[in-house]
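One structure below.
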Amino acid sequence: MKRIGVFCSANENIRRSYFDRTTELGAYIGQRGHQLVFGGCNMGLMECIARAVKENGGTTLGIVPNKIEEYGAVSKYTDEIINVNSLGERKEKMTEVSDVIIALPGGLGTLDEIFSVVASTTIGYYDKKVILYNIEGFWDELISLLQDLQDRNFIRGRYTDFFLVATNLEQLKNII
Numbered sequence: 001m002k003r004i005g006v007f008c009s010a011n012e013n014i015r016r017s018y019f020d021r022t023t024e025l026g027a028y029i030g031q032r033g034h035q036l037v038f039g040g041c042n043m044g045l046m047e048c049i050a051r052a053v054k055e056n057g058g059t060t061l062g063i064v065p066n067k068i069e070e071y072g073a074v075s076k077y078t079d080e081i082i083n084v085n086s087l088g089e090r091k092e093k094m095t096e097v098s099d100v101i102i103a104l105p106g107g108l109g110t111l112d113e114i115f116s117v118v119a120s121t122t123i124g125y126y127d128k129k130v131i132l133y134n135i136e137g138f139w140d141e142l143i144s145l146l147q148d149l150q151d152r153n154f155i156r157g158r159y160t161d162f163f164l165v166a167t168n169l170e171q172l173k174n175i176i
């Protein structure tokens, strides 16, 4: 069993196709007997993937900041919860316990999470890559920015040393 960490949006008001691809990924994780590691929130893609994992026989580990609990926004699809005091602790714990890290479409929080993993990897705290699940080209602009940073020598090595990209579930399965 692998622990698959997923960073993603907690927003409900996003394209339906993001939910559809997230459901497919969750089904795959559950059917393979892997454990989902997620932010423990009951909104957006977070709730979507947790539900899909559970409905397909998998287990989930929610890393839940106290504020999420205070707001009553904890997913009912969590098998196990680890409470933390902040978003910083959440991303650190998620990174620490995950074997694989996938970034689904998301906003500022997701960007913060993936760049924390990569920055920590460049220094040597982790040896982990982030898989950008590039649904409908969601990550294209970020990939272009990373290429530009690399071209201008602001990234030591290549950005592909830290990020992998999958555009569909089959590619994602092969990476996992």
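Numbered according to this note's numbering, the sequence shown spans residues 1 to 176.
Ideal Cβ placement from N, Cα and C applies to all residues, glycine included.
Check your understanding: Do S75 and A52 have their C-beta atoms within less than 9 angstroms of each other?
Key -> A52 is positioned such that its CB atom lies no closer than 9 angstroms to that of S75.
Practice item. Compare the C-alpha of E80 against each of F38, L146, V118, L45 and name the closest. Key: When F38, L146, V118, L45 are compared, the shortest CA-CA separation from E80 is found for F38.
Exercise for review: List the whole-angstrom C-beta distance separating T121 from F162, where the pair is believed to meet the contact cut-off of C-beta under 8 angstroms.
Suggested key: About 6 angstroms separates the beta carbon of T121 from that of F162, a gap short enough to meet the 8 angstroms contact definition.
Check your understanding: Expressed to the nearest angstrom, what Euclidean distance is found between the alpha-carbon atoms of R90 and E69?
Key -> C-alpha separation (whole angstroms): 13 angstroms.
Review point. Using the beta-carbon count (16 or more within 10 Å), is Q31 buried or exposed?
Key: By the neighbour-count rule (16 or more Cβ atoms within 10 Å), Q31 is not buried but exposed.
Check your understanding: Counting along the chain, where does the alpha helix (DSSP H) carrying I176 start and finish?
Key -> In the DSSP assignment, I176 falls outside any alpha helix (DSSP H), carrying neither H nor E.
Check your understanding: In terms of DSSP beta bridges, what is I4 paired with?
Key -> Beta-bridge pairing links I4 to L36, V100.
Practice item. In angstroms with no decimal places, state the Cα-to-Cα distance between S86 and Y71. Key: The alpha-carbon separation between S86 and Y71 amounts to approximately 14 angstroms.
Point to revise | Inter-residue spacing [alpha-carbon to alpha-carbon] between V143 and G157 | key: What sits at residue 143 in the sequence shown is Ile, not Val. Whole-angstrom Cα-Cα distance: 15 angstroms.
Point to revise | Cutoff 6 angstroms; reference K202; Cβ partners in own chain excluding five residues on either side | key: The structure shown does not extend to residue 202, since the chain is modelled only from 1 to 176, so the question has no answer here.
Point to revise | Three-way DSSP call (helix, strand, coil) for F154 in this model | key: It is coil, neither helix nor strand.
Check your understanding: Is it the case that the Cβ atoms of I101 and K128 are separated by a distance below 9 angstroms?
Key -> Taking 9 angstroms as the Cβ cut-off, I101 and K128 qualify as a contacting pair.
**Study point:** Within 9 angstroms, strictly: CB atoms of Y126 and P105
**Key:** Cβ atoms of Y126 and P105: not closer than 9 angstroms.
Review point. Looking at C-alpha atoms only, which residue of G40, A166, P65 is the closest neighbour of M139?
Key: Note on identity: in this sequence residue 139 is Trp, with Met being the wrong assignment. If we check each option's Cα against that of W139, A166 comes out closest.
Exercise for review: Could you pull out every residue in the same chain whose Cβ sits closer than 6 angstroms to the Cβ of D99, ignoring the five residues on either side in sequence?
Suggested key: These residues qualify, in order along the chain: K2, R3.
Check your understanding: In its own chain, which residues sit with a C-beta less than 8 angstroms from the C-beta of G44, not counting the 5 before and 5 after it?
Key -> Closer than 8 angstroms at the Cβ level, and outside the excluded window around G44, lie C8, S9, A10, N11, E12, I14.
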